[in-house]
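Down below is the structure, laid out as structure tokens.
Residue numbers (my numbering): 1 to 540.
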């Protein structure tokens, strides 16, 4: 069961949270079985509500209560969705009737008679007191219609929740601690890789391929007597030891790849005999030493790279350069490459000022088309985009399922093995997505709102947006084209206010309000044009 709200003339719907469900008849069920009415609130087709153990000739009632009061606009309509996906052909519902009420209070959420109905059915006399239970129900129903009481009660409930959170935070906090076992857990060779076919017991030992190195030289005070007693801590110390240049070289090559699109070693996933030799071995060694000497401060190394003359040189290419060095291995010019899709989203959020820089924490659910998960997971999982600042976190925190990656990430990593080389894409689907993706339109709307607040002159607003997205001022011919498109968009939205309303009615509710819908819509359209320029999604 789902409850949705749809605006007339639009296909987009929004789900309404249902807090609880009760019924006068239901079959007892355990696990993934049909029976309980509360199981209708999830999207799992393996369970649901059935009354097959009760008299089928009698009507039965189910009551669904909303989590929050629902207020509909004049052009909105309520959709009640019932999905019949039972594997039993005779379990589908027959005749049914729907009713809604705006009456508040606990009485309408109960299957019992209403308090006034119960009062009318009793042999009530004025000179006798009411039964205590009935009196309490009448009082609760009366208070549910008392606006001032409900407002104070809501504030009190909020204060109690905050107090409970403070008390919980001030209490004892359990922290997981990793400790070495006194007796190592035995490890077996698994015959043919089958987890329950255990073969000979093997001992922990430093990798044979690396035994020529001295893994204990990083910390002689904790050096083990024999290689057989070495632990993962010794391996970690060896990885970052000063006499082990491999890790530092890999890190330096990865940082170079981030800035230039390709590493000094063009096979970042393979530094072995089958990998390519570095194009500039001395530079790679110098950067590796810098990584170690600065205490593995990656920001320091990145600052050195991006402030170098090599990085800051022009990416313009001459026919002679293209003929002699088509892949720019000699670094005679600046690199030019398309940003990966995750970086395009992050750049747009940063340009408009919505990017949430919070580190760590739970994953974020970026926008994606409705129904992407419904077909793939047969309704068992429901995708809900994150709300508030969580929606604008960096894409590295985007939620992934192996069977369904975020839809705006084209040619992304397969997630089956570790991939260190970014995949770039020029599929037409990405252009179509960038023109219609809600994240880009929300960024465009926020950028337009900032531009309108910054200045009153159209040219100043356009320059403000242009500088935010492309980090430069527009040329006179570019400014003329953008001014012409702005006038056309403004004229259109001033004539058709409905189109302006539809353009702005999406995304986070707190970002939708606008006192100048036509003006904001015109600049939003202009911002989307800027975000879709080739220069906005290309590193050069």
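Quick reminder that beta carbons are idealized off the backbone N, C-alpha and C, glycines included.
Since the structure is predicted, the reported quantities are computational estimates derived from the model, not experimental observations.
Residue 308 carries a coil assignment under DSSP once its states are collapsed to helix, strand and coil. Out of 312, 296, 281 and 238, the CA that lies nearest to the CA of residue 259 is found in 312.
Judged by DSSP secondary structure, residue 60 falls outside any alpha helix (DSSP H); it is assigned neither H nor E. The DSSP-derived three-state label of residue 54 is coil.
Excluding five sequence positions before and after residue 382, the CB atoms of its chain that fall closer than 6 Å to its own CB belong to 43, given in chain order. Distance from residue 334 to residue 314 at the Cβ level is roughly 6 Å; contact confirmed, criterion being Cβ atoms closer than 8 Å. Per DSSP, the beta-bridge partners of residue 4 are 15 and 79. Excluding sequence positions up to five before and after residue 454, its CB lies within less than 6 Å of the CB of 464, all in the same chain and listed in chain order. In the DSSP assignment, residue 200 falls outside any alpha helix (DSSP H) and within the unbroken beta strand (DSSP E) covering 198-202. Per DSSP, residue 528 has no beta bridge partner at all. Residue 420 and residue 269 do touch by the CB rule: their CB atoms are close to 5 Å apart, below 8 Å. Straight through space, the alpha carbons of residue 54 and residue 34 are spaced by roughly 14 Å. Between residue 468 and residue 447, the beta carbon gap of about 6 Å places them in contact (Cβ cut-off 8 Å). Excluding five sequence positions before and after residue 365, the CB atoms of its chain that fall closer than 7 Å to its own CB belong to 383, 384, 385, 386 and 399, given in chain order. When DSSP states are grouped into helix, strand and coil, residue 300 belongs to the helix group. Three or more Cβ pairs closer than 8 Å define a contact, and the segment 59-72 meets that threshold against the segment 15-29. Segment contact: the segment 498-511 against the segment 470-487, fewer than three CB-CB distances shorter than 8 Å; contact not assigned. Distance check between residue 180 and each of 149, 230, 263 and 154 places 230 closest, using alpha-carbon atoms only. Separation of residue 295 and residue 301 (C-alpha to C-alpha, rounded to the nearest whole angstrom) is 10 Å.
A direct Cα-Cα distance of roughly 25 Å separates residue 371 from residue 425.
By the Cβ test, the segment 491-502 is not in contact with the segment 398-417, since fewer than three Cβ pairs between them sit closer than 8 Å. Shown here, residue 452 sits in a helix according to DSSP, grouped into three states. Distance from residue 119 to residue 134 at the Cβ level is roughly 6 Å; contact confirmed, criterion being Cβ atoms closer than 8 Å. By the Cβ-count criterion, residue 164 is exposed, with fewer than 16 other Cβ atoms from all chains shown falling within 10 Å of its own Cβ. Nearest to residue 329 by C-alpha distance, out of 292, 367 and 276, is 276. For residue 283, the uninterrupted alpha helix (DSSP H) segment begins and ends at 281-293. For residue 231, no alpha helix (DSSP H) segment is defined, and its DSSP state is neither H nor E.
At the C-beta level, residue 26 and residue 36 come within 9 Å of one another. Note on residue 80: under 16 other CB atoms within 10 angstroms of its CB, so exposed under the neighbour-count rule. Residue 373 sits in a helix when the DSSP states are folded into three classes. Excluding its 5 nearest sequence neighbours in each direction, residue 344 has C-beta neighbours in its own chain below 6 Å: 537, listed in chain order. Taking the C-beta atoms as reference points, residue 291 is found no nearer than 9 Å to residue 265.
Apart from the 5 residues on each side of it in sequence, residue 422 sits with its Cβ closer than 7 Å to the Cβ of 340 in its chain, given in chain order. Between the alpha carbons of residue 185 and residue 415 lies a gap of roughly 30 Å. Taking C-alpha positions only, residue 255 is separated from residue 418 by approximately 17 Å.
Here residue 519 is buried. Its C-beta has 16 or more other C-beta atoms within 10 Å.
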